[in-house]
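Quick notes on the structure that follows.
Protein chains: 2
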Amino acid sequence: MRTPTGDSPPERLTRLPSWLLTQTARHAHRLVSDGFADIGSRGYHYRLLLTLDEVGPTSQADLGRRSGIHLSDVVAAINDLAARQFVERSPDPADRRRNVITLTPTGRRQLRRLEQRVDQIQDDLLAPLDPAERDQLTRLLSRLLDHHERSDPPTDA
Amino acid sequence: MRTPTGDSPPERLTRLPSWLLTQTARHAHRLVSDGFADIGSRGYHYRLLLTLDEVGPTSQADLGRRSGIHLSDVVAAINDLAARQFVERSPDPADRRRNVITLTPTGRRQLRRLEQRVDQIQDDLLAPLDPAERDQLTRLLSRLLDHHERSDPPTDA
DNA sequence: CGGAAACCGTTAGTCACCCGAACGACCTTG
DNA sequence: CAAGGTCGTTCGGGTGACTAACGGTTTCCG
């Protein structure tokens, strides 16, 4: 007999809020990034396109601050996006340090695609919860996030 | 005037459950791994020690399955733990493919330390919620996790 | 029996996301 | 003007998760 050590998750972990949170996030993350991979994008890309769409053309540094992506990673991600013509990088005449990033029509279309996917995924993710519970969850999470973002220096510093 | 693009997080993201989840998890993760770093450990170490404590001496493969850590990562983590005498690796005479991993008294002490930290951290993490809300949150998360672990093949496959 | 199939441990990568250090070019302020 | 901050960029590190490959071992089955 081959040692019937079936797998069973350690009890104590399953009670730990931080564990539940990170594990659930892991699933969420997988759903999202798998869904994005189909469309040939990653989380960073979505965040950047979304931010761009919301605030209009702006500099990379500002994009990074807004979307919570480290400036050095913004550079690489914008490279990707520019290579695929989702975004245009042009020097700011008013401040020659800056590149102004602009969302192209193609980029906007890609964003639409990504957003559709994201919406589907929310449904997958929250499948076992009814609308009221989904609301509860988001409210609770929002409060946690708020709290911790106030105490921590977010991306400024 | 230097383009008053203060940072402000993109609206649409803050409504997205998957975003809330992963962001909150990020904070949780930071709290945990910072807390562990003080004691010179990482998440993998805690999970392995905990699992070992719960199921007793067993093989690395089994440890990996139970704690949800990839086998190749178990190897490295067990190396660390063994180097610090928290754990002992001995060949299984009954099955020479296996290493049987045993928790040492020192390891058990380390586990105690880690568990204390973990408890403190839960409090930090959930600070803004009252007991009832904490319960709600863990219940909701548990349901999500359950659901997604049933549909996904967890670590077996 | 003997080989195929499954399993164990290990090494050596990849990937996404998060982060810090450094640096040159460029404003901006005192 | 000089000092100091900002912007873009490159390089590199860390964690958690995961894949590929391989040798050694055990189990299953024809």
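For the record, the sequence lines run as chains A and B.
Under the UniProt record's numbering, the residue at position 152 of the first sequence is numbered 152, and the numbers go up by one with no gaps.
Under the UniProt record's numbering, the residue at position 152 of the second sequence is numbered 152, and the numbers go up by one with no gaps.
Quick reminder that beta carbons are idealized off the backbone N, C-alpha and C, glycines included.
Check	Outcome
Residues within the stretch 130–142 of chain A neighbouring chain B, beta-carbon criterion of under 9 Å	GLU133, ARG134, GLN136, LEU137, THR138, LEU140, LEU141 and SER142
N- and C-terminal bounds of the alpha helix (DSSP H) containing GLU11 (chain B)	11–14
Spatially closest choice to ASP53 (chain B) from B:HIS29, B:GLY35, B:ARG26 and B:VAL87, by CA coordinates	B:VAL87
Terminal residues of the beta strand (DSSP E) in which SER90 (chain B) lies	87–91
Where ARG97 (chain B) sits in the DSSP three-state scheme	coil
Cβ neighbour criterion (16 or more within 10 Å) applied to SER90 (chain B)	exposed
Cβ pair count under 8 Å reaching 3, the stretch 67–80 of chain A against the stretch 119–129 of chain A	no
Cβ-based neighbour list, ALA82 (chain A), same chain, cut-off 6 Å, excluding 5 preceding and 5 following	ARG89
Proximity to ARG139 (chain B) [Cα-Cα], best of A:GLU133, A:ASP62 and A:ARG12	A:GLU133
Extent of the continuous alpha helix (DSSP H) to which GLY37 (chain B) belongs	One point to set straight first is that residue 37 (chain B) is Ala, not Gly, in the sequence displayed. Segment 17–38, the alpha helix (DSSP H) holding ALA37 (chain B).
Identity of the residue in B:ILE39, B:ASP80 and B:PRO105 nearest GLN116 (chain B) by Cα	B:ILE39
Short-range partners of chain A found in the stretch 89–122 of chain B, where Cβ spacing is below 7 Å	VAL118, ILE121 and GLN122
Range of the contiguous alpha helix (DSSP H) that encloses GLY43 (chain B)	43–55
Limits of the alpha helix (DSSP H) - the one that ALA127 (chain A) falls within	Per DSSP, ALA127 (chain A) belongs to no alpha helix (DSSP H) and is neither H nor E.
is_contact[LEU144 (chain B), chain A] using C-beta, thresh 8 Å	yes
THR24 (chain B) versus ARG143 (chain B): straight-line alpha-carbon distance, rounded	17 Å
Selected residue, minimal CA-CA separation from ARG96 (chain B), among B:GLN60, B:ALA77 and B:LEU103	B:GLN60
C-beta neighbour in chain B for residue 160 (chain A), strict 8 Å	What is shown of chain A runs 1 to 157, which leaves residue 160 (chain A) out entirely.
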